[in-house]
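In what follows, a structure is listed as structure tokens, so that the remarks can point back to it.
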Amino acid sequence: MATRPPVGLPTLSKRARILLTIAAVLVLLLLLGARFLNAYVDWLWFGEVDARGVFTTVLLTRLILFVATGVLVGGALALSLWLAYRTRPVFVPVSGEDDPLARYRSIVASRVKLFGIGIPVLAGLVAGVSGQGNWQTVQMFLNGGEFGRQDPQFGNDIGFYVFDLPFLGWVLGWLFVATVVAFIGGLLAHYLFGGIRLAGRGGSVEGPARVHLLILVGLFVLLKAVEYFLDRYNLLLSDRNDLFTGATYTDLNAVLPAKLILLCICVFCAVAFFVGAFLRNIQLPAIALVLLLLSGLIVGVAWPAILEQFSVRPNANEREALSIQRNMEATRHAYGIDNVRYQDYEGQSEVDPSQIRNDEGTIPNVRLLDPNVLSPTFTQRVGRENFYGFPEKLDIDRYTVNGEEQAYLVAAKEMNTEGLAANQQTWINRHLVYTHGNGFVAAPANQIDRALEGADSDGGYPIAGTSDTQNPTGAGMEVEEPRIYFGELATDYAIVGGQQESAPGEYDTAQDRTYLYDGEGGVSIDNWFNRAVFAMQYGERNILFSGAIGEGSKIMYNRDPRDRVEKIAPWLTADGDPYPAVIDGRVKWVVDGYTTLDNFPYSQRTSLGEATSDSLSGVAQQQDSEINYVRNSVKATVDAFDGTVDLYQMDKQDPVLKAWMKTFPGVVKPKSQISDELEQHFRYPEDIFKLQRELITQYHVENAQEFYATQTFWNVPQDPTTDGGLDPNSDAAKLPAYYTYSQSPWQDEPHFQLTSALTQLRRQYLAAWMSVSSDPGSYGDIRVLRLPTSGERQIEGPVQVQNAFQSHPEFTQDRTLLGNQSVDLIYGNLLTLPVADGFLYVEPIYVQQRNSQSYPQLARVIVSFGGRIGFDSTLKGALDQVFGEGSGDAATGPESGDAAGQDGSGNNGDNQQGDNQQGDNQQGGNQDGGNNNDGGGNSGEMNQVVQDIQAALEKLRTAQEEGDFQAQGEALSELDAATRRYDELQNSGG
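The sequence shown: position 633 = 615 (the working numbering), numbered continuously.
Here it is as structure tokens:
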């Protein structure tokens, strides 16, 4: 029976066609308008930072890939549909009057060009949108070179795996997609036009349809053979064994041969499909397909599983030795830990007091100011105006002031528009008046103003100075341009500059509110087109209609230093903690940039987000992506006044950086252009250090057998100063790495370095201490002190020391009296410092009242050495308690030699809130435990309760030393009862 006559589609009137065209244009504008708007805004921004080459290179690469993948997939589909239509049967029988295919066939036949062109174009658009996202893979392939290092299995240069193999896999993947899409399109078209019929017994397939589809299947199988060939190289990144990354014994002796066998079978099967297509014999392809499936199951799955189960696992330490050794060598190189110098360290517990007293490198420079605690203190005492603020975490750097180099707590005094009062929250105030911060703030990291002694005393504050427009040298270092337009708190846009007659003026100081920006930063909006663009971009009509914007006005956006670096160099991973530095009289943000890979053969894959996560807050968290190669290849600076971004080459040997420098010529400046002053303020970045620290806990072992046993692995300890940090079984955050200005055992003078303690695997004893230098002459040199991990001489780790601190009678007394309902105790950073052939632990203790206007102040310093603990309001006093009178003479004392008096007369008078904070201070602040109530009726009972607490603590300590669990329980019960009684007396005014 012949086909039914075609049923035409209803025709549209001219008006309907016009309306549909307008609707289509509106939908297109809605879909693409925002993209074009963002692209233009980005184009303007890249012009501001003189990096339009980056914008155009990325854009052109994306466009080319969009067209290439779109043409590939759309063209393959179009060709398949054309072949199916051209080879359709002349007469197509229908199954009945209600045959649904007949209607669809008629519709398609009446609009052949619409469907034949429209569907491939739509598929090509979808493919193009997906394909253009892989521009980095293509640029790496085009510009990559050699590593000068070969893989141990195939002897290929590492550059093949890093630059070539990902591109080949990407191309192969799109060929698979094009083949599958073409097959599906051809299959549906043949079915629609009758080349494939399901009616009747077993259905039927016309000859042209059979040839067409079998060729496509043959192409797919041939591509599968290519995939098996490339998969051999991907085995070097196998994750079959949980202990290490790389080709295992099973991969090398079962999977690798299986890939070659399956490759040959795929070629045979592809030939069978091609032959079957032209011989019009479907039996041969069917047999080949069954052979492929069976061989894949037997050779590719069953045989490796049998070998793994019965040969490898019973002898894993021997079978995997070669693979582990390869993994160890590759990992050490890929993470830059192949030149770590290890040094045995006894960790003495006894020391001559004169060694402490005569120490000139570490003791005088012990850092008492915790950058993660003191941001509120800086905000209240230095910020002054409500709209100035500081990041949640301050920074540590070193400066030479008056001929003496030491560590400073530093920060830029930024504009914090979130701190504006309700009557300051107008659009003009937020975006045109309060536009910038003013000043660089620095405080010696080892010193406070006065020691905090009594309940009503003032002290324990940083000695902070500010270099700003009124006093350019106030912080001890001269800042010629202290205005901060770009910083970590600059999350919104600012409109600056303009004319005096129309612009409202920018707040500069309390005496000068008419300042107008005259720097190079910002994008011009003194024309109506740009004003309209940014009005749409931010959804703010005031940008378009405000009379305050005129000739010379500029808009600043993307003002966060880290965001600016990542935008200008999208191939970099930026460190999470940018820091400000005074360079050549200007405040510049220093941002570390990393080149990373996830395909370095045999190198251990590590989660970047997990490895760099610790207890610090106020830093950007890295994405939880897996990498197995990292280099601190770039140092970037962002000028805080005009936003200029400069990238400097830091690692001349990194092939990945070389590839990107070829891709974007001129963006990264050579290392020779780094000024001496800038180099003096480079810090070894925290994120790469924490990543290397994580790897060193395992890869310090010397041979494969030791690595497989894991018994000598180390741990990064949890931070015992955080909630839950004293519980070894908790998931508390890791101990951060700390910057210190100190003298290590191999050094003859103090250096600025990043340090961390490491403990034994699943134990709390100290196993090692790790340090990396930030000084220009030894930058990046990693040293590890290895401690005895067996025998009687074992050094307590951070968790054990913190436990000892908190059970110390004098500390417990002050904690009970200071940490009441109106005051919080804040534990500062627990530093681990190698001193006098042992380890000195130092921890500052801060207090902060529980009200919105309070801020932390240093109350006590607690130290430990060889199990002996000192606790005092000054470091000197604490050291004297541990080592004997006069031992702490080398420690830097408070600026005011005498402790602040009980009447608060020590207040420096520059901040009324400091007085208010002390006026409400908690009772019982005296170290002797006496309360401050004059003649209070319960004073005698209070003293008795304090004695009971001390007695219970002493009983608990004795029971712990003797291992008497029953006595420990009794002591804890007595301590709990005494503490409850103390709280009752306080609540009743006793």
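Even glycine gets a Cβ: it sits at the ideal position worked out from N, Cα and C. Everything numeric in this text was worked out from a predicted model, so none of it was measured.
Spatial neighbours of residue i in its chain, beta-carbon cut-off 6 Å, leaving aside the 5 residues before and after
i, result
"R768", "Y324, D326 and A750"
"A959", "none"
"A312", "Y584 and S585"
"S(-5)", "none"
"Y539", "Y475"
Residue i versus the options, residue with shortest Cα-Cα distance
i, options, result
"D624", "L14, G866 and E30", "E30"
"Q680", "L225, I197 and L180", "L225"
"E54", "L107, T856 and F671", "This sequence places Leu at residue 54; Glu is not what is there. Of the listed residues, the one whose Cα sits closest to L54 is L107."
"L356", "G875, N297 and I827", "I827"
"S585", "Q605, R544, R93 and I609", "I609"
"F646", "L124, F853 and I178", "L124"
"D559", "Y809, P667 and A492", "P667"
"A16", "L147, E290 and G521", "G521"
"I808", "V111, I197, Y561 and R842", "R842"
"Y467", "S528, Q493, S449 and E502", "E502"
"D621", "W696, P543 and Q605", "P543"
"F256", "L198, L274 and A394", "L198"
"G773", "H733, Q863, L273 and Y747", "Y747"
"N581", "Q406, G228 and F664", "G228"
"P838", "R363, S535 and N512", "R363"
"G258", "E300, S293 and H194", "H194"
"T496", "G504, L391 and P486", "P486"
Close beta carbons around residue i, own chain, < 7 Å, minus the five adjacent residues each side
i, result
"V120", "T43, L47 and F149"
"T230", "S220, R222, N223, E302 and S305"
"Q337", "A818"
"P517", "Per the sequence presented here, residue 517 reads as Ala, with Pro not at that position. Contacts found: R523, I525 and L526."
"K640", "G127"
"T704", "S597, A714 and A715"
Residue span of the alpha helix (DSSP H) that contains residue i, given as start and end
i, result
"W553", "Looking at the DSSP string, W553 is not in any alpha helix (DSSP H), and its letter there is neither H nor E."
"V103", "V94 to G113"
"Y520", "W510 to Y520"
"F210", "According to the sequence provided, residue 210 is Tyr. The question's Phe does not apply to it. Segment G189 to N216, the alpha helix (DSSP H) holding Y210."
"R131", "Element bounds for R131: n/a, residue is neither H nor E."
"V36", "R34 to R68"
"Y22", "K(-4) to E30"
"E592", "L590 to A593"
"D862", "L857 to F865"
"A287", "W285 to L289"
Host beta strand (DSSP E) of residue i (start-end)
i, result
"T619", "Y611 to D621"
"D379", "D377 to V383"
"Y823", "G820 to Q831"
"P335", "Taken as a continuous stretch (DSSP letters only), P335 belongs to no beta strand (DSSP E), being part of the alpha helix (DSSP H) at P335 to R339."
"Q631", "V627 to Q631"
"R850", "R850 to D854"
"T814", "L813 to V817"
Residues sharing a beta bridge with residue i, DSSP
i, result
"L170", "In DSSP, L170 forms no bridge with anything."
"V573", "A618"
"A476", "M538"
"I565", "R568"
"N420", "R465"
"R665", "None; R665 has no bridge partner."
"K973", "In this structure the chain extends from -17 to 972, so residue 973 is not present and cannot be described."
"L840", "Y828"
"T448", "V423"
Residues near residue i by beta carbon distance below 8 Å, same chain, minus five either side
i, result
"W152", "N116, T119 and V120"
"W156", "T51, L54, V55, A109 and G113"
"D902", "Residue placement at D902 is poorly supported in this model, since its pLDDT is 40, which falls under 50; the coordinates are not used for a value here."
"L61", "A164"
"K858", "G870, D871, A873 and G875"
"V103", "G56"
Beta carbon proximity, residue i to chain B, threshold 8 Å
i, result
"K206", "The structure shown contains no chain B, having only a single protein chain."
Contained beta strand (DSSP E) runs [length at least 3] in the stretch 675 to 759, N- to C-terminal order: 720 to 724, 733 to 742 and 748 to 755
Every unbroken alpha helix (DSSP H) inside the stretch 226 to 268 [4 residues or more]: List check, alpha helix (DSSP H) in window: 238 to 261.
Runs of alpha helix (DSSP H) wholly within the stretch 298 to 379 (minimum 4 residues, chain order): 298 to 301, 303 to 316, 335 to 339 and 357 to 360
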